[in-house]
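Asker: The structure is given below, and queries will be raised subsequently.
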Amino acid sequence: MKQEASLSEIETLKNELQEMQRKHSSEKQMLVTKLSEAKQELEDLNRQLKTEIHLRMQVENEKLEAVEIAETLFQRLEDMQSVSDLKSEKTKQDQLHQEILDLQQMLQTEQTLREKAEAENLKDVEMLEALCKEFDGQLQKESKLREEAEIGKMEAVDIAETLLQRLENMQKVLEESSAELKSEKTKQDQLHQEILDLQQTLQTEQALREEAEAENLKDFEMLEAACTEFDEQLQKESKLREEAEIGKMEAVEIAETLLQRLEDMQSVSDLKSEKTKQDQLHQEILDLQQMLQTEQTLREKAEAENLKDVEMLEALCKEFDGQLQKESSKLREEAADRQNGGCGQC
């Protein structure tokens, strides 16, 4: 009867071990799925950054056109200075007036496009913040699952130790019994060895679980670092856009001032006074051209930094892909080893 009870307890312990192995395999598969989802989200962010770069290139082309218009205005102003006919001068001033109006319209269009890009960038920042919160929730959930698994493993070890203690007590009773039970001692030794093997299997399972948890924790920490880096890059990009926006507003104000001064020039009949105002207009157009060139330099710098960020994201995605493949291969090997070990025990 005692031997049957021991066999029943061993069978129960084997079932519990198999259940823990299935649970472990399910949890590892869930972690692999989460890592795949995180990789997909990073690829989506990469595509969004490329779209943002494309929009900025379009804005850059429009600013180059504005610079060309300013240079044309400068050339025509120099032509105006060589003309002595006041009527011809009036016609060229009207042309300059119209071209400055066109420049003002282009700068307003540039401002509208920049505001649209700024709104899209704010949306990207909000999405990244939500993604970071989601990763934090996943890490907390994973920590809770690991604690529950650890408690379950400790309970299984306690059961194995209790069963081993009972078996040792049974062995002492059998040794004290009559010589007719000597043959039972061999069977008890076999049961003892099976329980020791089960205990060793539980310890091995615990070590594999801890190793997998450490690797998964490292992957999630890497994802958190990537989120933080994305947030810093977007904040930096937002600051550069604000500086560019201020420069464009100053350019619009200069264009409005040029327009007002040109209208004042049309009401002046003194040719010498007209020459002085033309010189002032010439200098202000040069200032506008300088501001547009400064804006272009800032934009090229931001473009180079964004290109570097995109390359870094691509490298990070490749690294995550390699880690996922490595993790998947390891899971398959562990599953095969557990299956072979379970068959050997049976």
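Numbering-wise, this note's numbering comes out as the position in the sequence shown, counting from 1, plus 407. Built from N, CA and C at the ideal position, the CB exists for glycine as well. Here the structure is a predicted model, which means the values were calculated and not measured.
Is DSSP giving residue 753 helix, strand or coil here?
Answerer: Within the sequence shown, the letter at position 346 stands for residue 753. Caution is warranted here: a pLDDT of 44 is assigned to residue 753, below 50, making its placement in the model unreliable, and the coordinate value is therefore given only provisionally. Correct three-state label for residue 753: coil.
Asker: Quick one: what's got a C-beta closer than 8 Å to residue 502's C-beta in the same chain, skipping five residues either side?
Answerer: Taking the sequence shown and counting its residues from 1, one reaches residue 502 at position 95. Result list for residue 502: 483, in chain order.
Asker: Which same chain residues end up closer than 8 Å to residue 479 when comparing Cβ atoms and leaving out the 5 residues on each side of it in sequence?
Answerer: Taking the first residue of the sequence shown as position 1, residue 479 is located at position 72. The residues are 506.
Asker: Measure the alpha-carbon distance for residue 552 versus residue 513 and round it to whole angstroms.
Answerer: By one-based count along the sequence shown, residue 552 stands at place 145. By one-based count along the sequence shown, residue 513 stands at place 106. Using only the alpha carbons, I get a separation of about 59 Å.
Asker: Select from 443, 509, 715, 456 the residue whose C-alpha is nearest the C-alpha of residue 534.
Answerer: Locating residue 534 in the sequence shown gives position 127, where the first residue counts as 1. Per the Cα distances, 456.
Asker: Pick out whichever of 573, 690, 708 has its Cα sitting closest to the Cα of residue 485.
Answerer: On the sequence shown, residue 485 is found 78 positions in, with the first residue counted as 1. Comparing Cα-Cα distances from residue 485 to each of 573, 690, 708, the minimum goes to 690.
Asker: Whose C-alpha, out of 715, 697, 740, 718, is nearest the C-alpha of residue 792?
Answerer: Lying before the first or after the last residue shown, residue 792 is absent from the chain, which here runs from 408 to 753.
Asker: Use the C-beta contact count for residue 616: other C-beta atoms within 10 angstroms, 16 or more gives buried, fewer gives exposed.
Answerer: Taking the sequence shown and counting its residues from 1, the one referred to as residue 616 is at position 209. The residue in question, residue 616, is buried, as its Cβ has 16 or more Cβ neighbours within 10 Å.
Asker: How many Å lie between residue 449 and residue 726 at the Cα?
Answerer: For this step, residue 449 is matched to residue 42 along the sequence shown. For this step, residue 726 is matched to residue 319 along the sequence shown. Approximately 12 Å, taken between the alpha carbons.
Asker: Sorted by chain position, which residues of the same chain lie with C-beta nearer than 6 Å to residue 430's C-beta, five sequence neighbours on each side aside?
Answerer: As a position in the sequence shown, residue 430 is number 23, starting the count at 1. Taken in chain order, the list of residues that qualify is empty.
Asker: Please classify residue 711 as buried or exposed, where buried requires at least 16 neighbouring CB atoms within 10 angstroms.
Answerer: The residue you call residue 711 lines up with position 304 of the sequence shown. Under this definition residue 711 is an exposed residue.
Asker: Apart from the five residues just before and just after residue 469, which ones in its own chain have a Cβ nearer than 6 Å to its Cβ?
Answerer: Mapped onto the sequence shown, residue 469 falls at position 62. Excluding sequence neighbours, residue 469 sits near 517.
Asker: So, for residue 656: in the same chain, excluding its five sequence neighbours on each side, which residues have a beta-carbon less than 8 Å away from its beta-carbon?
Answerer: Counting from one through the sequence shown, the residue named residue 656 turns up at place 249. Within the same chain, residue 656 has close Cβ partners 518.
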